[in-house]
Amino acid sequence: MVILISCCDPRIIPEEFGLFKREEYVVVRNAGGRAEPAIRDICVLSTMTEITDVVVIHHSDCGMTHLTNDAIRSSMKSRGLGDEKLDTFEFGEILKFLVVEELQGPAIQT
Ligand SMILES: [Zn+2]
């Protein structure tokens, strides 16, 4: 089974890329298509089936390249969401130097 990690941006639909047959893959989506938060799902899936490959799909103009952890925390606080643990939570901001490295590979244009 192939794991496709993708951003939850609705403009990106990995199922439409035709990379694999439908029964050959599972899509794990999160904000920014980050691998770290997907690890939990991959571990669970690996107990049920053999994972042969993990493919990370990023896209151009991802909203997570415009947000920082602090901006997300500030937005949540302004809406009365979160508690004292909010300041310790990482939302997976994409730092500029990471974006440059990631864009060296083929990008899917949105
Ligand atoms: Zn995105």
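Heads up, the sequence shown is in our numbering, so the first residue is 3 and it goes up one at a time. Where a beta carbon is used, it is the ideal one built from N, C-alpha and C, also for glycine.
Counting the other CB atoms within 10 Å of its CB gives Val-30 a total of 16 or more, which places it among the buried residues. Judged by the Cβ position, Asp-11 qualifies as a neighbour of ligand 1 at the 6 Å threshold, a heavy atom of the ligand being closer than this.
Judged by DSSP secondary structure, Arg-31 falls within the beta strand (DSSP E) whose first and last residues are 27-32.
In its own chain, leaving out the 5 sequence neighbours on each side, no residue places its CB closer than 6 Å to the CB of Gly-82. Residue burial annotation: Ile-7 is buried, with at least 16 other C-beta atoms found within 10 angstroms of its C-beta.
Excluding five sequence positions before and after Leu-88, the CB atoms of its chain that fall closer than 8 Å to its own CB belong to Arg-75, Met-78 and Lys-79, given in chain order. In the three-state reduction of the DSSP assignment, Asp-85 falls in the coil class, being assigned neither a helical nor a strand state. Taking 6 Å as the cut-off, one finds at least one heavy atom of ligand 1 near enough to the beta carbon of Cys-64.
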